[in-house]
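Protein chains in written order, with this note's numbering: chain V, 1 to 97; chain B, 1001 to 1092; chain E, 2001 to 2309. Just so it is clear, CB atoms sit at the ideal spot from N, CA and C, and this is done for glycine as well. In this text the structure is predicted, and so the values were computed from the model without any measurement. Shown next, in structure tokens, is the structure this report addresses.
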Amino acid sequence: MSLLADVFTIVAVLAGLVFFIAGTAGLLRFPDTASRLHALTKADHLGLGLIVLGLLPRAGGMGGALRLLAIWGLVLVSSAAVGPMVARLTRGPEGRE
Amino acid sequence: MAEFLLVAALLVFATVVAGLLRVLRGPAVADRIMAAQLLGTGGIAALLLLGAATAAPALADVALTLALLAAFASVAMARTAPRQEKGGEPRE
Amino acid sequence: MIADLLLAAAILAVAVASILARRTFTAVALFIAYGLLLSLAWVRLSAIDVALTEAAIGAGLSGVLLLGAVRRLASRAEAPANPPPGAAMTVLIGIACACVAAALGAVILLLPEPAPSLAPQVAANLPTTGLGNPVTGVLMSFRALDTLLESAVVLLAVICVWSLTPDGGWGGAPGAAQPILGDGPLLLLARILPPLGIVVAVHILWVGKDAPGGKFQAAAILAAMWLLPWMAGLVAPPRIAARWLRLTVAVGPVVFIAIGLAGAVTEGAFLAYPPGWAMPLILVIEIVLTASIAVALALLVIGPPVPEP
């Protein structure tokens, strides 16, 4: 059982890492701000979700697991709100330095 | 297992630092705000992995605080950021 | 080790970029990123209490306070630029900065090995307080006087900010009126986040007696959860003449001093707790101080009242 849990953790955390790396690659390579925002918000939050999923068996009971899920939920809600606000700034020439 | 989680934390943190380089180059103000987003999400992931690797549940509380305050700071930045000012009034 | 080097390099890079930034907004945005990185550094140094404080106050509230300053500066006419300092002055400033850096480095390098520490005494005496978190033990019992002065400083800072009120504004609602942009995402977040954040703040306050956490961190989160609806234009701040507001800001330090005086009467020393009563009294102080500090921090970010048109 614990072996199964460990395998689950490793697979999920590795998958999460792939998304983090993909998100950063997008952040580095995409040409304009809006695309970079897209790469950052989508990939990183999926990556965080997968890592949270992978850590669930090691969270030490119901409370710890709920706390992990709450962290992910908080990040999702707040970035869902911040994303559009930032995106609005990218329109128009005044947003540039 | 702890070693694996530590390496994973390191890798996540490395992607965050790589992303920071991009953010430092700018040029748009939106790129700067993304720094807080990037550090929020990536920092939280690294903290959770580190906390699981070293059996330090208190790190989850740091991650919670980071999640709340990074969101708060990003909102404040997005509100304050210099907007485009055609016709002299903010859009919407 | 690699992670620590990366972290140190990232902190330095963000700090330099923040100093070199031309726009005030960019400098503040990078300062917030710097605070978040610093909080990770404290975690690596196993100072979780400090990491929590840095994330909550250093990155979050101070950053937003500075953003308020950016906003205020932007709405003001361009100030006449001071003439740039001459070459001699520049060199002098450089030498002075280098001296400060060298002195700091020398102090750290000259520390005896092992560094002097009071940690064994704290660990030996912690059971008398009934607390599990040594940091809370130091802050609330062994060095309670420092904490009392800190909370008084926050109160004084609010008084200082209020004393900057321009003519005709005294007693009114603090802060510039928030533009209501009909900002959908912001309104949504300002409605969803505060209930969750208040739960988190209570949790951080409560675990503070046994694990990293405590009043300053909880108060900073509470303040942020009040400021969010204020930014969204959902709530208006109370007038600073409101009696409940002034009472809330002052009640924390007052209760702290009262309990300290009671200790002076019964135990013969200011801020001494009667045996067996340390933990409940510390809890009372922590809870009351959280309320005071939360309101005070929010008022600091909101700023002085503006005269009503």
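| Item | Value |
| --- | --- |
| Below-9 Å beta-carbon distance, V/S35 vs any chain B residue | no |
| Length of the line joining the Cα atoms of E/W2277 and E/P2229 | 39 Å |
| Sheet register partners of E/P2304 (DSSP bridge) | Per DSSP, none; premise fails for E/P2304. |
| Cutoff 8 Å; reference E/L2186; Cβ partners in own chain excluding five residues on either side | M2231, A2232 |
| Interfacial residues, the region 2121-2147 of chain E to chain B, with Cβ spacing under 9 Å | none |
| Residues from the region 67-86 of chain V in contact with chain E, defined by Cβ distance under 7 Å | L74, V77, S78, A81, P84, M85 |
| Rounded straight-line distance, which links the Cα of E/A2115 to that of E/N2133 | 22 Å |
| Beta-carbon proximity check, V/V11 vs V/I51, cutoff 9 Å | no |
| CA-to-CA distance, V/S78 to E/A2201, given in whole angstroms | 17 Å |
| Cβ-based burial, E/P2212 [other Cβ within 10 Å; buried from 16] | buried |
| Alpha-carbon to alpha-carbon, E/R2246 and E/V2158 | 10 Å |
| Which listed residue (E/L2007, E/R2023, E/P2304) has its alpha carbon closest to that of E/L2164 | E/P2304 |
| Chain-ordered neighbours of V/H45 on chain B, where CB pairs are closer than 8 Å | T1041 |
| V/K42, enclosing alpha helix (DSSP H) - first and last residue | 33-55 |
| C-beta neighbour in chain E for B/F1072, strict 9 Å | yes |
| DSSP-derived helix/strand/coil call for E/P2238 | coil |
| Any 3 or more C-beta pairs closer than 8 Å across the region 2029-2049 of chain E and the region 1030-1044 of chain B | yes |
| E/P2174 in three-state terms, based on DSSP | strand |
| Three-state secondary structure assigned by DSSP to E/R2143 | coil |
| Sequence-distant residues of the same chain with beta carbon closer than 8 Å to E/L2073, five excluded per side | T2024 |
| E/A2021 - DSSP class collapsed to helix/strand/coil | coil |
| Test item: CB-CB of E/I2293 and E/A2219 under 9 Å | yes |
| Contact under 9 Å by Cβ, B/V1023 with B/L1047 | no |
| Chain B within 9 Å of E/V2202, Cβ atoms only | no |
| Per-residue contacts from B/V1017 into chain E (C-beta, under 7 Å) | L2006, A2010 |
| Cβ-based contacts, 7 Å cut-off: residues of the region 54-66 of chain V near chain B | L55, R58, G60, G64 |
| First through last residue of the alpha helix (DSSP H) which encompasses E/A2051 | 2048-2053 |
| Rounded straight-line distance, which links the Cα of V/F8 to that of V/V57 | In the sequence under discussion, the amino acid at residue 57 of chain V is Pro, which differs from the Val named in the question. Looking at the two C-alpha atoms, the distance is approximately 9 Å. |
| Separation of E/P2274 from B/T1054, as counted between CA atoms | 38 Å |
| Residue from E/T2128, E/V2070, E/V2255, E/P2238 whose Cα sits closest to the Cα of E/A2027 | E/V2070 |
| CB contact below 9 Å: B/A1055 versus chain E | no |
| Contact residues within the region 2189-2201 of chain E, judged by C-beta distance below 7 Å to chain V | L2189, I2192, L2193, L2196 |
| Close beta carbons around E/G2222, own chain, < 6 Å, minus the five adjacent residues each side | The identity of residue 2222 of chain E in the sequence shown is Leu, whereas the question assumes Gly. Here the set comprises A2201, A2294. |
| Any chain E beta carbon closer than 9 Å to B/L1047 | yes |
| Close-in-space but distant-in-sequence residues of the same chain around E/L2281 (CB under 6 Å, 5 per side omitted) | I2259, Y2273 |
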